[in-house]
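Asks:
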Amino acid sequence: MLRITRPLQRLTPARPAAEPRPAAPTVSSHDGSLPARWRPLGRTELVDSVRRICTLCGWSQAPVGRGRSLAVTSALRREGKTALAAAIALATAADHTSDVLLLECDLVNPTLSSDFGLEARPGLTEVLSGAAPMDVAVQRTAVANLYVLPAGGPHDNPSRLLRSPAMTALLAEIQERFAFVVLDLPAVLENADAPVLAGLADGTVLVVRAGRTDQRAVQQAAGLLAGATLHGVVLNRWRPALPDFVRRALGG
Numbered sequence: 629m630l631r632i633t634r635p636l637q638r639l640t641p642a643r644p645a646a647e648p649r650p651a652a653p654t655v656s657s658h659d660g661s662l663p664a665r666w667r668p669l670g671r672t673e674l675v676d677s678v679r680r681i682c683t684l685c686g687w688s689q690a691p692v693g694r695g696r697s698l699a700v701t702s703a704l705r706r707e708g709k710t711a712l713a714a715a716i717a718l719a720t721a722a723d724h725t726s727d728v729l730l731l732e733c734d735l736v737n738p739t740l741s742s743d744f745g746l747e748a749r750p751g752l753t754e755v756l757s758g759a760a761p762m763d764v765a766v767q768r769t770a771v772a773n774l775y776v777l778p779a780g781g782p783h784d785n786p787s788r789l790l791r792s793p794a795m796t797a798l799l800a801e802i803q804e805r806f807a808f809v810v811l812d813l814p815a816v817l818e819n820a821d822a823p824v825l826a827g828l829a830d831g832t833v834l835v836v837r838a839g840r841t842d843q844r845a846v847q848q849a850a851g852l853l854a855g856a857t858l859h860g861v862v863l864n865r866w867r868p869a870l871p872d873f874v875r876r877a878l879g880g
């Protein structure tokens, strides 16, 4: 387990490896075209960073038997958690022939159905309330092996659904069906369901937006995730400081 004070992986281009290795398929080379919002995720340097996150989370090998689950959350909204969850799902689908499910657990602020051009419902809400079976709610995307279970329609008590035995049973059923399951959770400091859901997953990563989230919020979020297996922190939108001579050359 990585220390919470040390980022698991910065989402920036990495230096080339010392030894050459066979090129892995890029996300954009997979069957179908990416939705417009996710096309930047097909950049090779970003895909490489996401793959390192997957490796550090133990996703480099396909599981035998029960599928693996990884929850992605953040301290606050708009830190990039949904983008990272989608990137992990896309990269995993590109690297494996096994099926991957992106599960939208943010029932209050859902975006994945519109982002992927899918039907908004039935979704997780309908499955948990018994209005639709899982097989009907899960939708195939344009990317081979990648499926999405969107949040679904609004509900008067989404917290009750997410904390119900039906949610635990559904996740177990999903992990029997899919080799990899990525859970897009609500923000920890804005939704009390996030730590509970994180505890159901095999592991969790916490997304922090550089220059926006203060250390106190990160520490508070990490404390609330004490019941989950926290792999570490992903520092999003991090930019390395340029040497003085480079800034001067650029006129900065």
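To convert, take the position in the sequence shown, counting from 1, and add 628; that gives our numbering.
Backbone N, C-alpha and C fix where the C-beta goes; we use that ideal spot for every residue, glycine too.
1. Could you tell me which of R679, V678, A703 sits nearest to A884, measuring between CA atoms?
2. According to DSSP, what are the bridge partners of Q767?
3. Check for me: the alpha helix (DSSP H) holding L789 runs from which residue to which?
4. Closest to D676 by C-alpha separation, out of L774, V700, T720, R749, would be which residue?
5. Within the chosen definition, does the region 843–861 reach the region 734–752 through at least 3 CB pairs nearer than 8 Å?
6. Thinking C-beta only, is P778 closer than 8 Å to L746?
7. Closest to G855 by C-alpha separation, out of A829, R840, K709, would be which residue?
8. Short of 7 Å in beta carbon distance, which residues of its chain neighbour T841, apart from the five on each side in sequence? Order them along the chain.
9. According to DSSP, L858 sits in a beta bridge with which residue or residues?
10. My output table needs one value for D676: the three-state DSSP class, helix, strand or coil.
11. Where DSSP assigns a beta bridge to S702, which residues make up the other side?
12. Is it true that the CB of P750 sits closer than 8 Å to the CB of V764?
13. When you compare the CB positions of V678 and A715, do they come within less than 8 Å of one another, or not?
14. On a Cα-Cα basis, can you pick out the residue from T683, H724, T701, A849 that is closest to A807?
15. Taking Cβ to Cβ, would you say L799 is nearer than 8 Å to L756?
16. Quick one: does L774 have its CB under 8 Å from some CB of chain E?
17. Return the CA-CA distance between A797 and G839, expressed in angstroms with no decimal places.
18. Could you name the residues of the same chain whose beta carbon sits closer than 6 Å to that of N773, not counting the 5 residues immediately before and after it, in chain order?
Replies: Working from what's here:
1. Outside the displayed range of the chain (629 to 880) lies residue 884, so it cannot be described from this structure.
2. V776
3. 786–790
4. T720
5. no
6. yes
7. A829
8. A703, L704, E707
9. T832
10. helix
11. V835
12. yes
13. yes
14. H724
15. no
16. No chain E is present in this structure, which holds just one protein chain.
17. 39 Å
18. A721, D727, V728
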